[in-house]
């Protein structure tokens, strides 16, 4: 048996890495590195859940770790990378409202915000310090993912933002309470369907493939007059 | 029980993939809608409500009522869809290969929303509400034009992103129940019993987060931005279905508010709802004022109505809730009339823009009249049933603050004015007869001077000219006309006669939610 305090220390280190990964997704302009960062983030989540299993010994946490590993570290990144190959665009250079530096500054604000908010809301709850921090990190990860969705124009990056939001929600759930396992499975199923849909649509939007351009040109009748 | 339902429906949908003819696919979709309509009627009449079947299937008056509205809307949309999709395929806007996907998403949307409504477990509700977003987005993207895909993605990202916040809210709720009851649960029936024991601060936090998610689903400002795009760029049928999904969001909000009503955090929750409601109405009515796109106008009117519903829920009195529930039904009837007619006009002019419409009464008289009557109904003029609904919600809101009532009333008038403005400008453009003849004459003499054979050229030249001048009347199929008129007639009938059974049903809902 490993010393629980040592494990808690490792989890805290992982928290830092999770936050760094969220910051990287916000600031990177390279699509494939954003995807790699997301994969690492999901892996960190699986690792945290595994370490919690070592502390608590609840089988559910181990299952969750395996599920996260299978779906978010292997399946979804594989699928997204296939799409990225297909659309032949390597970089997402356009930001809608915020450039990376202001959004990084803003995300510091968001972390502070979620800290103050949660410390007020959870006043009456018997939550240990580690679990409280986990919840804060989860909430800030969610908010930072939302920032990515707002500030990016390419659909693939937006989808990665959504995915990292979902990682945050899962992390929040992991530390605040123990959700029934079936719910976790359903959420991940829902996530996979959503990713499938958005990325397939993304082929239409982000694509630089000539075939799609052609198609859009043919449908000018619909687009030309309609827009605003 | 839900498992069996999903199994049966899964088989049904799989069978639905086999037929190749459009007629059969459409019949299956219409049958699906009618089946749900009949089933919920039977459940309403036969079962001793509220009843819990199995682990998570829960039937009470509220969800049966909302299901009834949804199924009614779906059935009408299915009948309408046949002629509409045919026309889309004729013009090459819809790829015939995508027709199967269209009907699959159509049926799937009804099934997922049904499961969402009838699940007692809020987490199940959340997941299936998410799936309805996916299906509705598929319907929006079905034309696979850039604009459509753009609108669909906006829909998915905004609603699903907001729904993740709703999930955070559910985590709060789960923690609360774990703290109070010893074992965590998300079953609404259990939560409703123990809601008064929960800590108000956490309950309020949970409500706020779930409100963000369900509010986005309902198209409440500031999370409404997906809605005008989805309405304006999607084919009419898809717009109708996304509109029906707004009721799902309102349903979630009603349920959450009913939990909160017991606790001391209720006033804060009310003010959140009322603030969001007023903001929605204000934003919508000002955006409607100079709107030149018909479907966008209708979309913003939806946002406005959702705002009024929120005010009604936020006021929190039994009377206000009664009219909110009634409002949900009428809103769907009238909104479908409007969107159906707008769809016919879009087929005629290939555009939703005001400036492209002319000679409306000559080309599409029925659609024009339906649109006019529908607009009269949607702004809440007396013979139509939205009048009493709006009247009583506003009357109840006066108890909170008369200024609130006045402000809302002013904005409702603004919305009515923008409908009138649009209709006057769009429908008054008529090519005058004299002008026609003069132009025709010039045209004919011009051509005959060139060729010389005046008499021979006269008739053919005239016909060709007629063809080029008028865009050609779009022949509306009966399948499209009947649902439009049916919905309008139903709304009008409800304006003159309030059935006792409906009143009993609404009373029962209010009683079950613990309002009295």
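Residue numbers (the numbering used here), protein chains in the order written: chain A, 280 to 507; chain B, 42 to 557.
Cβ atoms here follow ideal geometry from the backbone N, Cα and C, with glycine treated the same way.
Query raised in the report: Which of the three DSSP states, helix, strand or coil, is assigned to residue 152 of chain B?
Result: helix
Query - Residue of B/327, B/265, B/86, B/93 minimising C-alpha distance to residue 229 of chain B - result: B/93
Query raised in the report: Cβ of residue 190 of chain B less than 8 Å from any chain A Cβ?
Result: Taking Cβ atoms only, chain A reaches closer than 8 Å to residue 190 of chain B, which makes this a yes.
**Report entry** Given residue 46 of chain B as reference, the closest of B/409, B/254, B/236, B/159 once Cα atoms are compared
**Finding:** B/159
Query raised in the report: By Cβ distance below 6 Å, which residues in the same chain neighbour residue 265 of chain B in space, the five residues on each side in sequence not counted?
Result: 344
Query raised in the report: Would you say residue 441 of chain A faces chain B, with C-beta separation under 8 Å as the test?
Result: yes
**Report entry** CB contact flag (residue 261 of chain B, residue 380 of chain B, <8 Å)
**Finding:** no
Query raised in the report: Excluding five sequence neighbours on each side, which residues of the same chain lie with their C-beta closer than 6 Å to the C-beta of residue 421 of chain B?
Result: 427, 428, 431
Requested in this report: Write down every uninterrupted run of the alpha helix (DSSP H) in the region 287-363 of chain B whose length is 4 residues or greater and which is fully enclosed by it, in chain order.
Outcome: Unbroken alpha helix (DSSP H) stretches of 4 residues or longer found wholly inside the region 287-363 of chain B: 307-330, 335-356, given in chain order.
Report task. Mind checking which residues open and close the alpha helix (DSSP H) that includes residue 49 of chain B? Result -> Judged by DSSP secondary structure, residue 49 of chain B falls within the alpha helix (DSSP H) whose first and last residues are 43-57.
Query raised in the report: Does the distance from the C-beta atom of residue 420 of chain A to that of residue 450 of chain A stay below 8 Å?
Result: With contacts defined by Cβ atoms closer than 8 Å, residue 420 of chain A and residue 450 of chain A form a contacting pair.
Report task. Note down the Cα distance separating residue 274 of chain B from residue 231 of chain B, rounded to an integer number of angstroms. Result -> 42 Å
Query raised in the report: Are three or more beta carbon pairs between the region 204-214 of chain B and the region 248-258 of chain B nearer than 8 Å?
Result: A contact between stretches requires three or more CB pairs, one per stretch, nearer than 8 Å, and the region 204-214 of chain B meets this requirement with the region 248-258 of chain B.
Query - Reduced DSSP category for residue 92 of chain B - H, G, I as helix; E, B as strand; rest coil - result: Annotated three-state conformation of residue 92 of chain B is strand, per DSSP.
**Report entry** Beta-carbon neighbours of residue 462 of chain A, restricted to chain B and to distances below 7 Å
**Finding:** 164
**Report entry** At least 3 beta-carbon pairs within less than 8 Å: the region 543-550 of chain B vs the region 405-422 of chain B
**Finding:** Contact fails: fewer than three Cβ-Cβ distances are below 8 Å.
Query - Alpha carbon of residue 498 of chain B to alpha carbon of residue 513 of chain B, nearest angstrom - result: Summary for residue 498 of chain B: the model assigns pLDDT 46, below 50, so the residue's position carries little reliability; its value from the coordinates is reported in the next sentence. Rounded to the nearest angstrom, the two C-alpha atoms are 22 Å apart.
Report task. Can you give me the start and stop residues for the beta strand (DSSP E) that residue 121 of chain B sits inside? Result -> First-last for residue 121 of chain B: 102-131, but that is the alpha helix (DSSP H), not the beta strand (DSSP E).
Query - Beta-ladder partner(s) of residue 394 of chain B, from DSSP - result: B/334
**Report entry** Any chain B beta carbon closer than 8 Å to residue 427 of chain A
**Finding:** It does not; no Cβ of chain B falls within 8 Å.
Query raised in the report: Does residue 355 of chain B get closer than 8 Å to chain A when you measure Cβ to Cβ?
Result: Not closer than 8 Å to any Cβ of chain A, the Cβ of residue 355 of chain B fails to qualify, so no.
Query raised in the report: With DSSP run on the structure shown, which of helix, strand or coil describes residue 288 of chain A?
Result: The answer is helix: DSSP assigns residue 288 of chain A an H, G or I state.
Requested in this report: Check each residue of the region 228-252 of chain B: if its Cβ is closer than 8 Å to any Cβ of chain A, include it; give the result in chain order.
Outcome: 240, 242, 243, 246
Query raised in the report: Can residue 78 of chain B and residue 116 of chain B be called in contact, C-beta distance under 8 Å?
Result: Yes, Cβ-Cβ distance for residue 78 of chain B and residue 116 of chain B is below 8 Å.
Requested in this report: Let me know the alpha helix (DSSP H) ranges lying completely inside the region 220-268 of chain B, each 4 residues or longer, listed in chain order.
Outcome: 229-235, 241-259
Query raised in the report: At a Cβ cut of 7 Å, what residues of the region 185-216 of chain B count as close to chain A, listed as they run along the chain?
Result: 185, 186, 187, 188, 190, 191, 193, 194, 197, 198, 201, 202, 205, 208, 209, 212, 215, 216
Query raised in the report: Sorted by chain position, which residues of the same chain lie with C-beta nearer than 6 Å to residue 152 of chain B's C-beta, five sequence neighbours on each side aside?
Result: 50
Query raised in the report: What is the rounded straight-line gap between the Cα of residue 333 of chain A and the Cα of residue 454 of chain A?
Result: 14 Å
Query raised in the report: If contact means a Cβ-Cβ distance below 8 Å, which residues of the region 155-181 of chain B contact chain A?
Result: 164, 165, 168, 171, 172, 175, 178, 179
Requested in this report: Mind checking who residue 98 of chain B pairs with in its DSSP beta bridge?
Outcome: DSSP links residue 98 of chain B through a beta bridge to B/94, B/160.
Requested in this report: Just confirm the distance between the C-beta atoms of residue 316 of chain B and residue 258 of chain B, as a whole number of angstroms; I'd bet it's less than 8 Å.
Outcome: About 18 Å separates the two Cβ atoms, so there is no contact after all.
Report task. Can you grab the Cα-Cα spacing for the pair residue 321 of chain B / residue 337 of chain B, in whole Å? Result -> 15 Å
Query - 9 Å Cβ cut-off: residues of chain A touching residue 219 of chain B - result: Going along chain A in sequence order, the residues near residue 219 of chain B (Cβ under 9 Å) are 456, 457.
Query raised in the report: Is the shortest distance between the beta-carbon of residue 225 of chain B and the beta-carbons of chain A less than 8 Å?
Result: yes
Requested in this report: Quick one: list the residues of chain B neighbouring residue 469 of chain A, beta-carbon separation under 7 Å, in chain order.
Outcome: 168, 171, 172
Query raised in the report: What is the DSSP secondary structure of residue 425 of chain B, counted as helix, strand or coil?
Result: coil
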